[in-house]
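Read through the structure below, which is laid out as structure tokens, and then see the notes.
Number of protein chains: 2
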Amino acid sequence: MICVLTGGTGGAKFVDGLRQVMPAEEITLVVNTGDDLLWWGLYVSPDIDSITYVLSGMLSRERGWGVKGDTFLCLQAMGQLGEPTWFHTGDRDLAVHLLRSRLLAEGKTLSEATSIVCGKLGVKACILPMSNSRVETRVDTPVGELSFEEYFVQRWYQDPVNAVRFAGASDAEAAPGVIDAIVSADAVLIAPSNPVTSIGPILAVPGIREALHGARGKIAAVSPIVGSAPVAGPAGILMAAQGLPCSIAGVAQAYEDFLDILVCDTRDARAADALRKSGLRVQCTQTIMRSSDDKAALARNVLSLVAANVVSDQPQARTASDQP
Amino acid sequence: MICVLTGGTGGAKFVDGLRQVMPAEEITLVVNTGDDLLWWGLYVSPDIDSITYVLSGMLSRERGWGVKGDTFLCLQAMGQLGEPTWFHTGDRDLAVHLLRSRLLAEGKTLSEATSIVCGKLGVKACILPMSNSRVETRVDTPVGELSFEEYFVQRWYQDPVNAVRFAGASDAEAAPGVIDAIVSADAVLIAPSNPVTSIGPILAVPGIREALHGARGKIAAVSPIVGSAPVAGPAGILMAAQGLPCSIAGVAQAYEDFLDILVCDTRDARAADALRKSGLRVQCTQTIMRSSDDKAALARNVLSLVAANVVSDQPQARTASDQP
Chain G
11 MICVLTGGTG GAKFVDGLRQ VMPAEEITLV VNTGDDLLWW GLYVSPDIDS ITYVLSGMLS
71 RERGWGVKGD TFLCLQAMGQ LGEPTWFHTG DRDLAVHLLR SRLLAEGKTL SEATSIVCGK
131 LGVKACILPM SNSRVETRVD TPVGELSFEE YFVQRWYQDP VNAVRFAGAS DAEAAPGVID
191 AIVSADAVLI APSNPVTSIG PILAVPGIRE ALHGARGKIA AVSPIVGSAP VAGPAGILMA
251 AQGLPCSIAG VAQAYEDFLD ILVCDTRDAR AADALRKSGL RVQCTQTIMR SSDDKAALAR
311 NVLSLVAANV VSDQPQARTA SDQP
Chain X
11 MICVLTGGTG GAKFVDGLRQ VMPAEEITLV VNTGDDLLWW GLYVSPDIDS ITYVLSGMLS
71 RERGWGVKGD TFLCLQAMGQ LGEPTWFHTG DRDLAVHLLR SRLLAEGKTL SEATSIVCGK
131 LGVKACILPM SNSRVETRVD TPVGELSFEE YFVQRWYQDP VNAVRFAGAS DAEAAPGVID
191 AIVSADAVLI APSNPVTSIG PILAVPGIRE ALHGARGKIA AVSPIVGSAP VAGPAGILMA
251 AQGLPCSIAG VAQAYEDFLD ILVCDTRDAR AADALRKSGL RVQCTQTIMR SSDDKAALAR
311 NVLSLVAANV VSDQPQARTA SDQP
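Respectively, the protein sequence lines represent chains G and X. Residue numbering for the first sequence follows the working numbering, beginning at 11 and increasing consecutively. Residue numbering for the second sequence follows the working numbering, beginning at 11 and increasing consecutively.
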């Protein structure tokens, strides 16, 4: 069993690789819910949705979110009704939001609702929200405090960021199964997600950091930063706001209290050397995931680094030594 | 000002005629809400929706319900999630259900939500739900008691009907404006809707029948029955269940305590003669609405019968004497 902490589009791509190289039944995903929002009165959980769509084969790979081939006629009609349209929910995508919202209204927890949706879509992996309590990532900017989706989607992460906080985190509890999945996994993988707003909310839930400290398996993180820039999105700005350098050193620092292995891009070989001097195990490999093969190769490499025996098919890992 | 009591597809067609021959601002519609249902957790009000779509020019005339040109991808996706799909909500149509549901969840009344939706869609007529209280049409059948939409849409009105009741009606109040609209109108028109399940729920709301008794204007009903069969739908079965003959005499009986004029089809000339002997004013005209022109002609004829001066353009009414 492996446990993956994930969020965002980088996380979804990494999970898309993992599902190609190991049985989905052996993967437990602990997913960021700090971006969750009420949209048109429906409970939307962007990161849980993306992971659910990846694992059911429904994800639009072109967009990296939502359902492939989806249409947006309800969105258009909502616009005609004067409702906000900056968060793009497709017509097929709406079905998941409708079902989840109804289940929550009936008193189900987010864990239960997620499990029901996954069951209906034939998802074999175990998707766990980080918490069933509401933890909201709030981004403090000169225009005021924004929800993550307001900052990221509505305003295209153009605002300077003063600070990030996780409202509700101190009172939150890890969702059922989360602590056990982390502690008992053969390996814990931290996806190449934004360390501040995708992994940060997970780590802010009381008990999760402690579970990582007590994890039985090795803990490896894939850096979402290559050189001095994120592969995509606002990770650099958000890391700076948290006092972290935008580099693999910053990623290492975000996870320093529990990280065993940092997986970074081959282009960071020099920075990796410097980091190794601090005692961290750092491995360089190709981390940019453009194709399906890239995703599978990265997943295979990461798995072979942490525990060769969890790879189900013949590993043909390209580790640092194979790289040019 | 005229006031129209309406529900169902016959009502929507009649209103489609009225809007062609008089200013929408001068029409107040009191609409059946006995068919309202929670669908996928959303509050759907089929008759209010149809009238709203007619008056905003959005109604699918092919289907007689829903939005023209709509798609059903969310419905399809809900089916894949194992959710019920027998009630057909289109992708564009969903926008109205989403907005209304959110407004109701925020504490707005159905009247307020309806008014907001109408405002957004540029509807100039005043659409009033019969009540802001929940009144549910329940159809007792050998398979059990069904909601109207279960009976009508899900089961294609194939079940024998033992009885019909309007759950919640005795505790309901007419929505704001309903009583005044009926009492003060220059004419009250009862659309060619099912007398039992479209007009019946309206009449079951305490105060509405009394308002009809005290109405200042003439009250005219258009018969949804031609000969011994309804123009469409289960009106015949439902009338029989209420002890009413399926004929224009049955329609007259349903409204006998307040009706001034019954408008029936030219094919019912003989039955009309018999009814007139009871003292009711009965007028025959063409009531089948196939084309847009048919709808306009019927509306014009009915208006000219009740009060010539409420017809905005030159009335060219074809009354009984013009018919072959």
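Heads up, the beta-carbon is just placed ideally off N, CA and C, and yes, glycines get one too.
- Assigned with DSSP and collapsed to three states, residue 180/X falls in helix.
- For residue 241/X, the closest C-alpha among the options 18/X, 13/X, 14/X, 12/X is that of 18/X.
- Rounded to the nearest whole angstrom, the C-alpha separation of residue 225/X and residue 29/X is 23 Å.
- DSSP places residue 290/G in the coil class of the three-state scheme, outside both helix and strand.
- In the DSSP annotation of this structure, the continuous segment of the alpha helix (DSSP H) that includes residue 220/G starts and ends at 218-223.
- The Cβ neighbour count for residue 106/X, taken over all protein chains shown within 10 Å, is at least 16; the residue is labelled buried.
- When Cβ-Cβ separations below 9 Å define contact, residue 127/X makes contact with chain G.
- Of all residues in the segment 72-87 of chain G, only 81, 83, 84, 87 place a beta-carbon less than 7 Å from a beta-carbon of chain X.
- A residue is called buried once 16 or more other Cβ atoms fall within 10 Å of its Cβ, and residue 293/G is buried on that count.
- Taking 9 Å as the threshold, the shortest C-beta distance from residue 157/G to chain X does not fall below it.
- Interface criterion met: the Cβ of residue 92/X is under 9 Å from a Cβ in chain G.
- Look at residue 135/G here: in three-state DSSP terms it is coil, with no helix or strand label.
- Sequence-distant Cβ neighbours of residue 131/X in its own chain, meaning closer than 6 Å and more than five residues away, are 66.
- The segment 39-55 of chain G makes no contact with the segment 69-85 of chain X; the number of CB pairs closer than 8 Å stays below 3.
- Residue 309/G sits away from residue 272/G, with the two beta carbons spaced by 9 Å or more.
- Residues of the same chain with a CB within less than 6 Å of the CB of residue 60/G, apart from the 5 flanking positions on each side, are 22, 75 in chain order.
- Sequence-distant Cβ neighbours of residue 145/G in its own chain, meaning closer than 8 Å and more than five residues away, are 43, 44, 176, 177, 178, 179, 182, 211, 214, 215.
- Residue state for residue 145/X is assigned as coil, using DSSP reduced to three classes.
- In the three-state DSSP reduction, residue 253/G falls in the coil class, being neither helix nor strand.
- A straight line joining the alpha-carbon of residue 157/X with that of residue 138/X spans about 22 Å.
- Beta-bridge partners of residue 197/X (DSSP): 12/X, 228/X.
- For residue 114/X, the CB contacts under 8 Å within the same chain, skipping 5 residues up- and downstream, are 53, 120, 123 in chain order.
- For the segment 37-66 of chain G, the beta-carbon criterion of a distance under 8 Å to any beta-carbon of chain X is satisfied by 50, 51, 52.
- With a threshold of 9 Å between beta carbons, residue 130/X makes contact with chain G.
- Neighbourhood of residue 144/G in chain X, by CB distance below 9 Å: empty, with the nearest CB roughly 17 Å away.
- For residue 85/G and residue 93/X, the gap between their C-alpha atoms comes out near 21 Å.
- The beta-carbon of residue 104/X is placed less than 9 Å from the nearest beta-carbon of chain G.
- Distance between residue 81/G and residue 164/G, taken at the CA atoms: about 20 Å.
- At a cut-off of 9 Å between beta-carbon atoms, residue 111/X makes contact with chain G.
- Taking 9 Å as the cut-off, the Cβ atoms of residue 252/X and residue 312/X do not count as close.
- Neighbours of residue 115/X in chain G, taken as residues at a C-beta separation under 9 Å, are given in chain order as 51.
- In terms of beta-carbon proximity, residue 120/G stays away from the interface with chain X, with every pair separated by 9 Å or more.
- Pairing residue 88/G with residue 297/X, the inter-Cα distance amounts to about 36 Å.
- Under the DSSP assignment, residue 275/G falls in the beta strand (DSSP E) whose first and last residues are 271-275.
- A direct Cα-Cα distance of roughly 15 Å separates residue 196/X from residue 40/X.
- If you draw a straight line from the Cα of residue 304/X to the Cα of residue 205/X, it comes to about 22 Å.
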